[in-house]
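Asks:
Number of protein chains: 2
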Amino acid sequence: MEIKFTLLWFSLFTTFSFAKIITPRFPSSIINRPEQLSVSTNDQKGLYKSMFFTQTLDHFNYNPQSYDTFQQRYLINDTYWGGAKNNAPIFVYTGNEGEIEWFAQNTGFMFETAPSFRALLIFIEHRFYGQSMPFGGDKNIAYKNSSTLGYLSSTQALADYATLIIDLKKNLSATDSPVVVFGGSYGGMLAAWFRLKYPHVTIGALSSSSPILLFENISSPYAFNNIITQDFRSESENCYKVIKGSWQQIEDIANQPGGLEVLRKSFRICENYISASSLEGWLQTAYIYTAMTDYPTPSNFLNPMPAYPIRQMCKAIDDPTTGNDPFGKLYEAAVVYYNYTGEAGQCFDLADNSDPHGLGGWNWQACTEMIMPTDGNNEESIFPASTWNYSDRVSVCQQIFNIEPRPTWITTEFGFHDIKMALKRFGSNIIFFNGLRDPWSGGGVLKNLSKSIVAIVAKEGAHHVDLRFSTREDPEWLVDVRRREINIITKWLSEYYHSLAHHSH
Amino acid sequence: MEIKFTLLWFSLFTTFSFAKIITPRFPSSIINRPEQLSVSTNDQKGLYKSMFFTQTLDHFNYNPQSYDTFQQRYLINDTYWGGAKNNAPIFVYTGNEGEIEWFAQNTGFMFETAPSFRALLIFIEHRFYGQSMPFGGDKNIAYKNSSTLGYLSSTQALADYATLIIDLKKNLSATDSPVVVFGGSYGGMLAAWFRLKYPHVTIGALSSSSPILLFENISSPYAFNNIITQDFRSESENCYKVIKGSWQQIEDIANQPGGLEVLRKSFRICENYISASSLEGWLQTAYIYTAMTDYPTPSNFLNPMPAYPIRQMCKAIDDPTTGNDPFGKLYEAAVVYYNYTGEAGQCFDLADNSDPHGLGGWNWQACTEMIMPTDGNNEESIFPASTWNYSDRVSVCQQIFNIEPRPTWITTEFGFHDIKMALKRFGSNIIFFNGLRDPWSGGGVLKNLSKSIVAIVAKEGAHHVDLRFSTREDPEWLVDVRRREINIITKWLSEYYHSLAHHSH
């Protein structure tokens, strides 16, 4: 049995797969998608105002096109700010690969800590996402080909952030206000890199669930799926075994006459399209993203889900009252991810390519610099055994973008081979948070690198759970993680103010 | 009296002026230029071998042209290397704006310390200089216009160095060999920035005479010329006064019928061209570059010169035996710079545009990111009073390259506003050397920024004198400076080896 999902994990942190671009085999959404996730272009809940900054297209070259500009969106909330006169702090979220509003709405930690820090809140949208589109704001042009998409890179994004923050502080007459940067996932990588590359712009970074070691051979390409395997196994050995065995069962039945129709019925797949591999991709998406968002309280990040959703999936699979039909059990597990609110339509559309959070640019990033080996599966894996194969990536990227990845660039620019050696006596003030139930923690910094470049690890945590809005039901370990983060940030600020007081300009 | 030499100081560290491109008013060389300064394309003196590395044109973008490559030259000397097995160190010179051989030949410090450190020596040529020419190695294409010159930038150069060093170490199986970077002048800025941006590639930087604070309003635009004034004044008040008064005298005589011919005769200027301002530029060049290279021993960096050449200039001016002809005295001062060896031809050609060290690309850099305000002159200045005027720069750059400078980019990317605040708790292992007779020290780091980001200041020192080959006549303070630098580098290495021994990969 060979299941082709080598490309499945390309789309870091996103709800849909790279593979979709090649062929509509791996959709993740359903017809009549509930609207509660869609981000309106208006400011929501009074949390922030949208602003725009005229940004330079290319910071590192000086050819004529480099001087082009675009409107970069940022969100601002000054409700709690102590003001420039008091040198009150500025908290900046370094936006990741999607609509900035979506990230802001899932980063309650900044809103909740702003009042006591008297902080100004800024969320900056990443170039080529949301409304921050170069080339006249026209996504069709910006995404047309590699000549325009070429300007979508992490180094340009970091330089955008530096440029915007410096200008904003100048305009606010707040040049002495300390800036702390926050980010989760790819945004967390950007936050950590930003502190390392622009220490004159930010005094510290909270880098949450950033798989910053998941490049080249620094981390194992099996780590990601091993963690998912372990997540399910820790709930129930039977649950793990049922899922692990299901791939062959799906292949077997799909190869029988009328077998695909049986599968269609079992999983309520729409009439327009089905194949064994697209169905498998649909199930894998559910397991992967549920592992990422295995939060201790009900959440609505990727999809609306209950607390500890893996437990709910395994409950459905282990349920003795539902008989022996494995597909029925798998279906019930899948709907924990796809239809927990029961508002889904009549069927699930495997050909649906919708992208409600505007995450599509990640495919380009995954074909240029973000070469993160995640899709190895050993014999124990809950997914079929497979090896990470770089040449597969290359050929897909050639096919789609006519481009060759630069797999060693990220480590050339940002390091992290022998990170401890490099940072033991260099740099300061970074928190790396990781939740060990999050598959991305397989590429995270899990140990302190120095006195002030520290790791906070939560055994029960999932993907940047620390950054989420708190709830009454939050477990004690999560309250404790946030308390520790607040204490560290407090220390950075007090050291900064101490230096400022003893510093003559 | 108004003398237009606003553009004179554009060409940081170079022997000729930006102004030459607009109009041949400010040549610096003479007919029949002595050949001893010209760099042969062959390896000289067995000091090194030339090698080439296939380098990426654009590290920060992914458009089709970014994938172009070019051959980047580097010089290598492995005579003293202790080898990969011993993790013996690698000393890298981060090349500046000219032929790399010229810089190598003037960086004896690395050759002289290599044996005791058992170091491999590498000198990397900066893109767009010497033989490291993008666009097929053809300088005519590379320098054609802003579409090609656009790729000449400091950030691209730093990424070149990181890429080349990582690849070289891999090829030598020397990934654990520590790298120390060295540079003087603009190369010193690159060395310091390289340590700050690529701490995973280098363990420390010796940044010599790098005017890293000479951007925006961080340093005074009068600092540069104040130091030159002080250099001459410290030798003799009369010498300073004669030079200071000469500008008006030259103007006066130039405005008389036949006056220019008098000047031509006094200064042995060739028949082809003369004007008051070009003559003034010729004299200013002599004073400025003599101040920069006011070394305690005879040297041949910009031109062959005696020890303490400012003293020799002032001796000529103060000499009571040469009567009262101020032009005759000024001429004798000028030849200390232009013709110390007496090998000059019959006359000095004010229209000569020769560029023996290939420094011409600096004009582009001075029109894009290297906006360093140096040409303010207060009332006390040895040069006519003038103010730094950014808009003059803009209009010249528009005229020549049709380009707008980005005057805030360097501080956005590298910081150095409030440098002490930023680096007090960030970064490590940088030595900033400055000699206070060097006008560029007006933009240098003259105080320790932290325990391991330290300033070494030599009151009697000139432009990166510490990096030069030592001589028997070196004064004690210079021997001491080098001893301190060696001790600090020794400490970096021993800390590195200690960490390596206690580090598991």
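Taken in sequence, the protein lines are chains A and B.
Just so we're aligned, residue 462 is where the first sequence starts under my numbering, counting upward by one.
Just so we're aligned, residue 462 is where the second sequence starts under my numbering, counting upward by one.
The C-beta atom is built at its ideal place from N, Cα and C for all residues, glycine as well.
#1: Determine, for L961 (chain A), whether the minimum Cβ-Cβ distance to residues of chain B falls below 8 Å.
#2: DSSP puts S847 (chain B) in a beta bridge; with which residues?
#3: For A603 (chain B) and I688 (chain B), I'd like the C-alpha separation in whole angstroms.
#4: Would you please verify whether the beta carbon of H587 (chain B) is less than 8 Å from any beta carbon of chain A?
#5: Taking F894 (chain A) as the reference, give the member of A:T951, A:L667, A:E804 and A:G648 with the closest Cα.
#6: According to DSSP, is R534 (chain A) part of a helix, a strand, or is it coil?
#7: Is there a Cβ from chain A that is less than 8 Å from the Cβ of N948 (chain B)?
#8: Does any CB atom of chain B fall closer than 8 Å to the CB of P595 (chain A)?
#9: Under 8 Å between C-beta atoms, does Q617 (chain B) make it to chain A?
#10: Determine, using beta carbons only, whether N522 (chain A) comes closer than 8 Å to chain B.
#11: Among A:N548, A:S511, A:Y541 and A:R579, which has the Cα closest to the Cα of F586 (chain A)?
#12: Taking the alpha carbon of Y528 (chain B) as the reference point, which residue from A:R943, A:W870, A:F875 and A:I892 has its own alpha carbon closest?
#13: Which class does L928 (chain B) belong to by DSSP, given the choice of helix, strand or coil?
#14: At a Cβ cut of 7 Å, what residues of the region 743-770 of chain B count as close to chain A, listed as they run along the chain?
#15: Given that A1027 (chain A) touches chain B, what residues does it touch there, using C-beta distances under 7 Å?
#16: Of all the alpha helix (DSSP H) runs that stay within the bounds of the region 679-767 of chain B, which reach a length of 4 or more residues?
#17: Would DSSP call F521 (chain A) helix, strand or coil?
#18: Can you list, in chain order, the residues of its chain with a C-beta nearer than 6 Å to that of L657 (chain B)? Leave out the 5 residues immediately preceding and following it.
#19: Cβ of I482 (chain A) less than 8 Å from any chain B Cβ?
#20: Between which two residues does the beta strand (DSSP E) holding L581 (chain A) run?
#21: Using a Cβ-Cβ cut-off of 8 Å (strictly less than) and excluding sequence neighbours within five positions of E865 (chain B), which residues of its own chain qualify?
#22: Between the beta-carbon of V906 (chain B) and the beta-carbon of A916 (chain B), is there less than 8 Å?
#23: Hey, how far is the Cα of P488 (chain B) from the Cα of P834 (chain B)?
#24: Pull out every residue of the region 878-892 of chain A whose Cβ sits closer than 9 Å to any Cβ of chain B, in chain order.
#25: I'd like to check one pair, S615 (chain A) with Y523 (chain B): are the Cβ atoms closer than 8 Å?
#26: Looking at the C-beta of Y528 (chain A), does it have a partner C-beta in chain B at a distance below 8 Å?
#27: I need the boundaries of the alpha helix (DSSP H) containing N824 (chain A), first residue and last residue.
#28: Between B:I537, B:P759, B:A794 and B:F514, which has its C-alpha nearest K776 (chain B)'s C-alpha?
#29: Alpha carbon to alpha carbon, how far is Q533 (chain B) from T517 (chain B)? Give it in angstroms, no decimals.
#30: In terms of DSSP beta bridges, what is N895 (chain B) paired with?
#31: Does DSSP put L1052 (chain B) in a helix, a strand or coil?
#32: Considering only their Cβ atoms, is the gap separating L581 (chain A) from D623 (chain A) smaller than 8 Å?
#33: To the nearest angstrom, how far is it from the Cα of Y799 (chain B) to the Cα of Y509 (chain B)?
#34: State the start and end residues of the unbroken beta strand (DSSP E) segment that holds Y554 (chain A).
#35: Tell me the start and end of each unbroken beta strand (DSSP E) in the region 858-904 of chain A that is at least 3 residues and wholly inside, in chain order.
#36: So, with DSSP's three-state summary, where would you put F589 (chain A)?
Replies: Per the coordinate set shown:
#1: The sequence position of residue 961 (chain A) within the first sequence is 500, counting from 1. Yes, contact with chain B.
#2: Residue 847 (chain B) sits at position 386 when you count from the first residue of the second sequence. Looking at the DSSP output, S847 (chain B) bridges to B:N838.
#3: By 1-based counting over the second sequence, the position of residue 603 (chain B) is 142. By 1-based counting over the second sequence, the position of residue 688 (chain B) is 227. Going from the Cα of A603 (chain B) to the Cα of I688 (chain B) covers about 36 Å.
#4: Residue 587 (chain B) sits at position 126 when you count from the first residue of the second sequence. No, H587 (chain B) lies away from the interface with chain A (no Cβ there is under 8 Å from its Cβ).
#5: As a position in the first sequence, residue 894 (chain A) is number 433, starting the count at 1. Nearest option by C-alpha distance: A:L667.
#6: Residue mapping note: residue 534 (chain A) aligns to position 73 of the first sequence, counting from 1. It is a strand residue.
#7: As a first step, residue 948 (chain B) must be located in the second sequence, where it is residue number 487. False, the Cβ-Cβ gap to chain A never drops below 8 Å.
#8: On the first sequence, residue 595 (chain A) is found 134 positions in, with the first residue counted as 1. Output row for P595 (chain A): interface = no.
#9: Looking up residue 617 (chain B) in the second sequence gives position 156. True, the Cβ-Cβ gap to chain A drops below 8 Å.
#10: As a first step, residue 522 (chain A) is located in the first sequence; it is residue number 61 there, counting from the start. For N522 (chain A), the answer is yes, since a Cβ of chain B falls inside 8 Å of its Cβ.
#11: Indexing the first sequence from 1 puts residue 586 (chain A) at position 125. The amino acid occupying residue 586 (chain A) in the given sequence is Glu; Phe does not appear at that position. E586 (chain A) has its Cα closest to that of A:S511, out of A:N548, A:S511, A:Y541 and A:R579.
#12: On the second sequence, position 67 is the one that residue 528 (chain B) refers to. For the options A:R943, A:W870, A:F875 and A:I892, the alpha carbon positioned closest to that of Y528 (chain B) is the one of A:W870.
#13: Working through the second sequence from its first residue, we reach residue 928 (chain B) at position 467. Helix.
#14: Taking 7 Å as the cut-off between beta carbons, none of the residues of the region 743-770 of chain B comes near chain A.
#15: Nothing can be reported for residue 1027 (chain A): it is not among the residues displayed for chain A, which extend from 462 to 966.
#16: Runs found: 684-696, 698-715, 720-728 and 737-753.
#17: Stepping through the first sequence from its first residue, residue 521 (chain A) is reached at position 60. In the three-state reduction of the DSSP assignment, F521 (chain A) falls in the coil class, being assigned neither a helical nor a strand state.
#18: As a position in the second sequence, residue 657 (chain B) is number 196, starting the count at 1. Hits under 6 Å: G888.
#19: As a position in the first sequence, residue 482 (chain A) is number 21, starting the count at 1. Here I482 (chain A) scores only 31 on pLDDT, less than 50, and its place in the model should not be relied on; the value that follows carries that caveat. Against chain B, the CB of I482 (chain A) has no partner CB under 8 Å away; the residue lies outside that interface.
#20: The sequence position of residue 581 (chain A) within the first sequence is 120, counting from 1. Note, L581 (chain A): beta strand (DSSP E), L581 to I585.
#21: Numbered from 1 along the second sequence, position 404 holds the residue referred to as residue 865 (chain B). Result list for E865 (chain B): V855, C858 and Q859, in chain order.
#22: As a working mapping, residue 906 (chain B) is identified with position 445 in the second sequence. As a working mapping, residue 916 (chain B) is identified with position 455 in the second sequence. At the C-beta level, V906 (chain B) and A916 (chain B) come within 8 Å of one another.
#23: Numbered from its first residue, the second sequence carries residue 488 (chain B) at position 27. Numbered from its first residue, the second sequence carries residue 834 (chain B) at position 373. Low confidence applies here, because P488 (chain B) scores a pLDDT of 26, under 50, leaving its location unreliable; read the following figure in that light. Whole-angstrom Cα-Cα distance: 22 Å.
#24: Of all residues in the region 878-892 of chain A, only H878, D879, I880, K881, M882, A883, L884, K885, R886, F887, G888, S889 and N890 place a beta-carbon less than 9 Å from a beta-carbon of chain B.
#25: Residue 523 (chain B) sits at position 62 when you count from the first residue of the second sequence. Residue 615 (chain A) sits at position 154 when you count from the first residue of the first sequence. No Cβ-Cβ contact shorter than 8 Å links Y523 (chain B) with S615 (chain A).
#26: On the first sequence, residue 528 (chain A) is found 67 positions in, with the first residue counted as 1. Judged by the 8 Å Cβ criterion, Y528 (chain A) is in contact with chain B.
#27: For the purposes of this step, residue 824 (chain A) is taken as the residue at position 363 of the first sequence. Run containing N824 (chain A): W823 to T829, per the alpha helix (DSSP H) assignment.
#28: Taking the second sequence and counting its residues from 1, the one referred to as residue 776 (chain B) is at position 315. When each option's Cα is compared against that of K776 (chain B), the closest is B:A794.
#29: The residue given as residue 517 (chain B) occupies position 56 in the second sequence. The residue given as residue 533 (chain B) occupies position 72 in the second sequence. T517 (chain B) and Q533 (chain B) have their C-alpha atoms roughly 9 Å apart.
#30: Reading the second sequence from its first residue, position 434 is the one you call residue 895 (chain B). N895 (chain B) pairs with B:V918.
#31: This structure leaves residue 1052 (chain B) out entirely; chain B is present only between 462 and 966.
#32: The count along the first sequence starts at 1 and reaches residue 623 (chain A) at position 162. The count along the first sequence starts at 1 and reaches residue 581 (chain A) at position 120. Per the sequence shown, residue 623 (chain A) should be read as Ala rather than Asp. Not a contact, by the Cβ cut-off of 8 Å.
#33: One-based indexing of the second sequence puts residue 799 (chain B) at position 338. One-based indexing of the second sequence puts residue 509 (chain B) at position 48. Y799 (chain B) and Y509 (chain B): Cα-Cα distance of roughly 30 Å.
#34: As a working mapping, residue 554 (chain A) is identified with position 93 in the first sequence. That run of the beta strand (DSSP E) goes I551 to T555.
#35: 891-896, all fully within the region 858-904 of chain A.
#36: Residue 589 (chain A) sits at position 128 when you count from the first residue of the first sequence. If DSSP states are grouped into helix, strand and coil, F589 (chain A) belongs with coil.
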